[in-house]
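>
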Amino acid sequence: MRLTALLMTVLSSGALAEDFVRLPGQPAFASILRYAESDGKVSIAPFQLMTRPVTNAQFLAFVVKHPEWRRGAAPAIFAEPRYLEHWSGPLLLGDSAEPEQPVTRVSWFAARAYCEASNARLPTWSEWEYAAAADATRADARQDLAWRDRILRWYAKPSNAAIARVGQGVPDLHGVHDLHGLIWEWVDDYAAMLVSADNRNQADPDLLKFCGAGALDTNDRENYAVLMRIAMLSALEGHDTTGNLGFRCARDSSEDSP
Amino acid sequence: MTTAFPATTTLLCVMLALAGCSASGTPATPPTAGNTAVATATPADTGGSRKGDFGPPRGEPIKAVLTSPPNVPPPTGRSAPAKVIVELEVIEKELPISEGTTYTFWTFGGTVPGSFIRVRQGDTVEFHLNNHPDSKMPHNIDLHGVTGPGGGAASSFTAPGHSSQFTFKALNQGLFVYHCATAPVGMHVANGMYGLILVEPPEGLPPVDKEFYVMQGDFYTVGKFREKGFQAFDMQKAIDENATYVLFNGSETALTGDNALKASVGQTVRLYVGNGGPNLVSSFHVIGEIFDKVWYEGGTRYQENVQTTLVPAGGAIIADFHLEVPGSYVLVDHSIFRAFNKGALGILKIDGPNNLSIYSGKEVDSVYLGDKAASLTSVAVAATSNAAGTLSLEQQVAAGKSLYSGTCSVCHQDNGAGLSGVFPPLAKSDYLATQPKEQIVRVVLNGLNGAVKVNGQDYNSVMPPMSQLTDDEIANILTFVQSSWGNNGERVRKEEVTAIRNATPRTQGAAH
């Protein structure tokens, strides 16, 4: 009974609202990844992106509706044993998972299922990278050294402190929060990002690199903040979870709900 | 007889060829370290990795002893290849980089440099890299002692809260750097992700009394050197190779104060010195010591009697030296502004009895005026007067006094008292009173070597010849000495010195 009561409180709070915002896209976005066939430029169609990462409360609502994604029920090949392990129970957040904190320790499969259930999908890497290039006043702030330094500062701190709640800071130009400085985020095509595990092979057309959709090298070696995102995603498999890896969803712009 | 030479030569060549052949056919018998010192026409090589495989591991797997700097694990003491299990944990943590200043280091084993790993050539190493769940970053490890693509990097790429395993055979002996090679590799290295792995030669290294683990690294912070509080990594400074800190063992205080390395007189110390970089090359030097042996570049051969040795970024050396004199010895990068302005300092504290015959400590602290600093007016006046035949005793004494204070007072002191037991006194000297004038002039010209008794005290040291002084100068100095401090006032003339110099075979200018 107590559990249900708590659940109802969470579910009835405003925390569950999923705010999507439309991003205009860009026909020739300069990705940090070197796409051989397109001179590093990718076309980003207009799309919608959640303004905040998915929260514990939102993910709890999802597993309430989808028992197959509850901790202990999700098959190991889709979610490793540490899936949602910081929650007190399969349907209980508890002390170490505040409703407004971003959900972490979620696998790629689980994140994908969540977005599908919201009539959405995970953003592609290009979409994420394009969105994350913005700051409060510019659509592409990546060449600003101050911007880079600010982002790098997050990486300079180990993640043994509690993660902040979502949406605390100033939104960017598009109205999106927390693309930097809060958590790592899954992207839909993370598995195609076969950046060599050994950072120094980049001149060598190693087998690792031409299997994936993004046959990859990096264009902007000074953009360490984005490089680290890529390295992190490259280290993961779909069932993996970590204490600071979450996600947000995207939608094609044509699927805009009025 | 003329044909004997080519015949002998041919025979020699055949023998050498045979020796070379049999050496290369002998399985797995690398030379001992001592062999490198043996002068042979063709020093045997170790065979490198071709001869580093001593077959499958024998016995039960052994868990490697890992140590934090500055400690080094004990010698493996094994005579057969073993399977060695290494468990290394990656931890990202905030640690002091200087007093009152912290930095987020990414570490292998919780320290900078990372844990020291020690195996034997031919060992099979099962390597486990565990990335702590609190880590923000994925990490991997490239061990320079691994034969294989990436040195293990591609096989050990590990997300936070995960563990990777790979196995390698340590085919090459030597001291090797390991480091993280995850993108962006420069930042991972700049944050302290490096350490050393020693692959002992099969016969081990020569035993020593103390072994220490020291590793240099350069660090790039947003704030200035010693700016207090938490300091973040500065990417631009790293790219510009403009280091804020250059440190031994990851902190300004890692090897100073209570953390100084400690050993005793009579011991032989071995330093395993690595350089993690990411950017700077180290000119490693210990102030006041000479390395008896340096296994340069961490390889098989050693050089002897080395003052400063180069440690490349991503390289290492082994240095042995015997300790004779107690005191504090300073480890530095002899690119010396790094030592005094960026923190590349460590202390090796040696206790034990003094050995004055090797190093006396400070014996004399006297005014040094330099050759030109003394007023030479009086000397010039005396020389002119002497040439004119009008030289007075006062002129001689004045000139002698100037010369004495530039040359003689360093040992015999300004007041002529000497140093008891070391430098004989000239004041009220019974030696000066009793020796004939010719002998006293000869002492100045030729020096004095051996036992001498002055004013009742025995002296047994060396006075160098002062034959660089002109006859004029010697006459004036001796006249000054004999006219001072209660001596007998005997006057010495230039001509007398000239006569004695001409009668005495000696080396000109031996003192300078």
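Note that the protein sequences, when read in sequence, are chains L and G. Positions in the first sequence are counted from 1; adding 81 to them yields this note's numbering. Positions in the second sequence are counted from 1; adding 7 to them yields this note's numbering. Beta carbons are placed, not taken as given, at the ideal position from N, Cα and C, and that holds for glycine. The structure presented is a predicted model; accordingly, all values stated were derived computationally and were not measured.
1. In chain G, what lies closer than 7 Å to L317 (chain L) by C-beta?
2. With distance defined between alpha-carbon atoms, name the residue in G:V450, G:I92, G:L203, G:S427 nearest to G305 (chain G).
3. I'd like the list of long-range same chain contacts for D100 (chain L), defined as Cβ closer than 6 Å, with 5 residues on each side in sequence excluded.
4. Return helix, strand or coil for V451 (chain G), following the three-state DSSP convention.
5. Do P183 (chain L) and G327 (chain L) have their beta-carbon atoms positioned less than 8 Å apart in this structure?
6. Strictly below 7 Å CB to CB, what residues from chain L border F226 (chain G)?
7. Within a Cβ cutoff of 7 Å, which residues of the same chain sit near T505 (chain G), ignoring the five residues on either side of it in sequence?
8. At the level of alpha carbons, what is the spacing between A98 (chain L) and L104 (chain L)?
9. Three-state secondary structure (DSSP) at F328 (chain L)?
10. Which of the three DSSP states is assigned to W265 (chain L) in this structure?
11. Please report the distance separating the alpha-carbon of G273 (chain G) from that of G322 (chain G).
12. Using only the alpha-carbon positions, how far apart do P432 (chain G) and K460 (chain G) sit?
13. In whole angstroms, what separates the C-alpha of G121 (chain G) from that of G199 (chain G)?
14. My output table needs one value for F347 (chain G): the three-state DSSP class, helix, strand or coil.
15. Can you give the Cα-Cα distance for V488 (chain G) and Y438 (chain G), rounded to whole angstroms?
16. With which residues is P183 (chain L) paired in a DSSP beta bridge?
17. Rounded to a whole number of angstroms, what is the C-alpha to C-alpha distance between E210 (chain G) and F328 (chain G)?
18. Taking 8 Å as the CB-CB cut-off, is L114 (chain L) touching chain G?
19. Kindly indicate the opening and closing residues of the alpha helix (DSSP H) around M200 (chain G).
20. Counting only beta-carbon atoms, is I311 (chain L) nearer than 8 Å to chain G?
21. Let's test the definition: count the other Cβ atoms within 10 Å of the Cβ of A44 (chain G) and tell me whether it reaches 16, buried, or not, exposed.
22. Are A312 (chain L) and A190 (chain G) closer than 8 Å when you measure CB to CB?
23. Given the structure, does G322 (chain G) come close to the ligand FAD, in the sense that its CB is under 7 Å from one of the ligand's heavy atoms?
24. Determine the contact status of A245 (chain G) and G193 (chain G), defining contact as a CB-CB distance below 8 Å.
25. Determine the DSSP secondary structure at F298 (chain G), reduced to helix, strand or coil.
26. Apart from the five residues on each side of it in sequence, which residues of its chain come closer than 7 Å, Cβ to Cβ, to V404 (chain G)?
27. Would P103 (chain G) count as contacting chain L if we go by Cβ distances under 8 Å?
28. Closest to F237 (chain G) by C-alpha separation, out of G:R449, G:D299, G:G66, G:K100, would be which residue?
29. Does the segment 173 to 192 of chain L come into contact with the segment 153 to 165 of chain L, if we say contact requires no fewer than three beta-carbon pairs (one atom in each stretch) closer than 8 Å?
30. How close, in whole Å, do the beta carbons of F115 (chain G) and V97 (chain G) come, if the pair is a contact with beta carbons under 8 Å?
31. Kindly list, in the order they appear in chain G, the residues whose Cβ is closer than 8 Å to that of L233 (chain L).
32. I'd like to know whether the C-beta atoms of T263 (chain G) and K231 (chain G) end up nearer to each other than 8 Å.
33. Using beta carbons (cut-off 8 Å, strictly below), is A190 (chain G) in contact with chain L?
34. Counting only the same chain and skipping the five closest in sequence on each side, list residues whose C-beta sits under 7 Å from that of R65 (chain G).
35. Does the beta carbon of T251 (chain G) sit closer than 8 Å to a beta carbon anywhere in chain L?
36. Considering V339 (chain G), what are the terminal residues of the beta strand (DSSP E) in which it resides?
So, from the data block:
1. A166
2. Per the Cα distances, G:L203.
3. Contacts found: T132.
4. helix
5. yes
6. None at all; the shortest Cβ gap to chain L is about 12 Å.
7. D478
8. 19 Å
9. coil
10. strand
11. 30 Å
12. 10 Å
13. 8 Å
14. helix
15. 12 Å
16. L:T136
17. 20 Å
18. no
19. Neither: M200 (chain G) is in no alpha helix (DSSP H) and is coded neither H nor E.
20. Chain G, which has a Cβ nearer than 8 Å to the Cβ of I311 (chain L), makes this yes.
21. Because A44 (chain G) carries a pLDDT of 45, less than 50, the predicted location of this residue cannot be relied on, and the following value inherits that uncertainty. That one is exposed.
22. yes
23. Absence of the ligand FAD from the depicted structure is noted, as is the absence of any ligand whatsoever, leaving it without description.
24. yes
25. strand
26. Here the set comprises T486, F487, S490.
27. no
28. Residue G:K100 is the option with its Cα nearest to F237 (chain G).
29. yes
30. Yes, they are in contact, since the Cβ atoms of F115 (chain G) and V97 (chain G) sit about 6 Å apart, within 8 Å.
31. Those are A239, F240, M242, listed as they occur along chain G.
32. No, the pair does not count as a contact, with Cβ atoms beyond the cut-off.
33. yes
34. A87, P88, A89
35. Cβ-Cβ to chain L under 8 Å: no for T251 (chain G).
36. 334 to 340
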